[in-house]
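So in the numbering used here, spot 44 of the sequence shown is number 51, and the numbers just go up one at a time. A virtual CB, placed ideally from N, CA and C, is assigned to each residue, including glycine. Small disclaimer: the values here were computed from a predicted structure and weren't measured. Each remark here refers to the structure printed beneath this line.
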Amino acid sequence: MGLFSGSTDSDGDSDSEKNPRSFLEERGFVASAIIIGAVLICLVVWFLARGSGNNPTAGASQSPSTVAPTEQPTEVGPTGPPATPIDTPTATRTAPPPPNSHTGGCHDKTPDQGIPRIAAPPAVTWQYEAEMLVPLQAASGPATTGTDGVRSCFAHSPTGAVFAAMVLLGQVQNSAVSVAALNQRVLAGPGKALALAAAKEDARTPPTDPGSVQFSGFKVLYYPQNATQAIVQIACNLNNKAFGAIQVTMQWYRGDWYAVLQDDGTFNGTVEPDILSSLDGYVRFSGSS
């Protein structure tokens, strides 16, 4: 299973540099749970279940799928060729925050509400989820790691929303927690049901070549004061061949951030993901050395 995928054509490997979809498909990043349209790339997110009693539900007042933000940002597509990443990911040696804390993440009643626009969040530890590095921070979260490995409890802040989105996307790369993370960290709705069905099917036939996707940066597109909804754009290094980015909607619900899927089981719906010509405008943020 993976974050990004696309369809190949009859030209095979020779088109990998001209057509990002061919490259992403050959790497085996098949987003079976959350297929993001017939466009450049697809990004999938799954998450594992602890039981129906813990299942978050997107009600009429909580679901961003039905209530759009009043200041929806407009992204300008890249005009140049895709950027070529060169970093090699490595896990940081910084001591990680405790897996369970009663002070950070969602327990912080007065988190910093500043939107990170230039500098990366400080004091961050990067840990592997399967082959993908995810960020951990004592202040923003995750402050809780369940016995099943699912990470939760993020600060009610712009940075907390970013960490929640990135950790969630990273956990879908870990087959040991992917279905549980989908159940626990995505709001209920038609899209979630479709994603779960696809995730379970994908788990029965895992790809033989998982490829490599690593985070490269982010930008906060939408976060009003005291937000209950956040929209973040996450940029990834795609097998050191290109940068791809996708928009993720997060909802503050019962004391934590949860991802919201569209009714078709995708993050973006009709909004196309981007193949980036550069990381200009993004906060550079990765576990790469």
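Assigned secondary structure, residue i (DSSP; H/G/I helix, E/B strand, else coil)
i	result
Val169	helix
Gln120	coil
Asp209	helix
Glu279	coil
Pro197	helix
Gln258	strand
Leu268	coil
Gln236	strand
Ser185	helix
Ala148	It is Gly, not Ala, that sits at residue 148 in the sequence shown. Looking at Gly148 - three-state DSSP - the assignment turns out to be strand.
Gly112	helix
Gly156	coil
Val179	coil
Leu245	strand
Nearest-angstrom Cα separation, counted from residue j out to residue i
i	j	result
Pro85	Ile282	The predicted model places Pro85 with a pLDDT of 45, which falls under 50 and marks its position as unreliable; any figure quoted below should be read in that light. Using only the alpha carbons, I get a separation of about 7 Å.
Gly310	Arg211	Only positions 8 to 296 of the chain appear in the structure, and residue 310 is not among them; the question remains open.
Met139	Val220	7 Å
Ala204	Thr273	13 Å
Gly262	Asp115	11 Å
Asn275	Asn244	19 Å
Pro118	Gln134	23 Å
Glu279	Tyr230	21 Å
Pro297	Phe250	Nothing about residue 297 can be reported from this structure: the residues present for the chain run from 8 to 296 only.
Gly153	Val255	23 Å
Ala142	Pro128	According to the sequence displayed, residue 142 carries Pro and not Ala. Near 10 Å, if we compare the C-alpha coordinates of Pro128 and Pro142.
Trp53	Asn246	Bear in mind that the predicted position of Trp53 carries a pLDDT of just 30, short of 50, making it too unreliable to give a figure here.
Ser1	Ser295	Residue 1 lies beyond the stretch modelled for the chain, which goes from 8 to 296, so this question has no answer here.
Ala102	Gln269	37 Å
When the options are compared against residue i, the one with the closest alpha-carbon
i	options	result
Asp287	Asn246, Cys160 and Gly224	Gly224
Ala267	Val227, Leu245, Lys199 and Pro118	In the sequence on display, residue 267 carries Val and not Ala. Val267 has its Cα closest to that of Lys199, out of Val227, Leu245, Lys199 and Pro118.
Lys207	Val141, Tyr289, Gln269 and Leu189	Leu189
Ile253	Ser108, Met173, Leu203 and Cys113	Met173
Leu176	Glu279, Phe250, Ser108 and Ile241	Ile241
Ser2	Leu201, Val157, Pro128 and Val239	In the structure as shown, the chain begins at 8 and stops at 296. Residue 2 is therefore absent and cannot be evaluated.
Asp271	His109, Gly294, Gly251 and Gly196	Gly196
Ser293	Phe222, Ala237 and Ala137	Phe222
Ala187	Asn233, Ser159 and Gln269	Ser159
His163	Ser285, Gln232 and Gln269	Gln232
Cβ pair residue i, residue j closer than 8 Å
i	j	result
Val290	Lys226	yes
Ser147	Thr132	no
Ala168	Gly111	no
Ala126	Gln144	no
Glu265	Leu201	Checking the displayed sequence, the identity of residue 265 turns out to be Tyr instead of Glu. No. Outside cutoff.
Cys113	Phe170	no
Trp259	Thr277	no
Glu136	Gln180	yes
Residue-level contact to chain C via CB, residue i, 8 Å cutoff
i	result
Pro106	Any reference to chain C falls outside this structure, which holds one protein chain only.
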